[in-house]
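Just below is one structure, and these are the notes that go with it.
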Amino acid sequence: TAAPLAGWLHLAVVCDGNTTIAYLNGAPLDAGKGSLSRTLNTIGNSPDAQHHHWMMAGGLDEHFIFDRPLTPVELKRLMEF
Numbered sequence: 013t014a015a016p017l018a019g020w021l022h023l024a025v026v027c028d029g030n031t032t033i034a035y036l037n038g039a040p041l042d043a044g045k046g047s048l049s050r051t052l053n054t055i056g057n058s059p060d061a062q063h064h065h066w067m068m069a070g071g072l073d074e075h076f077i078f079d080r081p082l083t084p085v086e087l088k089r090l091m092e093f
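If you use my numbering, the sequence shown corresponds to residues 13 to 93, in order.
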């Protein structure tokens, strides 16, 4: 990002099997061809692989993984959570 991150942020990552897109606070942040190549259970962990089994990167409050697109109603309910 252009500026340091602070405060509450919403990060979403979506993949259609061909392209992976990261969104920050609802705006596209970055995209790449292909699907995620890492295990999803490492999201939010320390960037150092040797710490993935015990150390979170910090500040990650909720972590949801879905295997299908959410409906607008489901997204609204999730954001209200």
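Every residue, glycine too, gets a C-beta built ideally from N, C-alpha and C.
Could you spell out where the alpha helix (DSSP H) holding residue i opens and where it closes?
i     : result
Leu87 : 84-92
Can you tell me where the beta strand (DSSP E) with residue i in it begins and where it stops?
i     : result
Leu36 : 31-36
Asp42 : 39-45
Leu23 : 23-27
Since residue i and residue j should fall inside the 8 Å C-beta cutoff, what is the C-beta to C-beta distance between them, to a whole number of angstroms?
i     : j     : result
Asp28 : Ala34 : At roughly 14 Å, the Cβ-Cβ gap does not stay under 8 Å, so Asp28 and Ala34 are not in contact.
Leu90 : Phe76 : 7 Å
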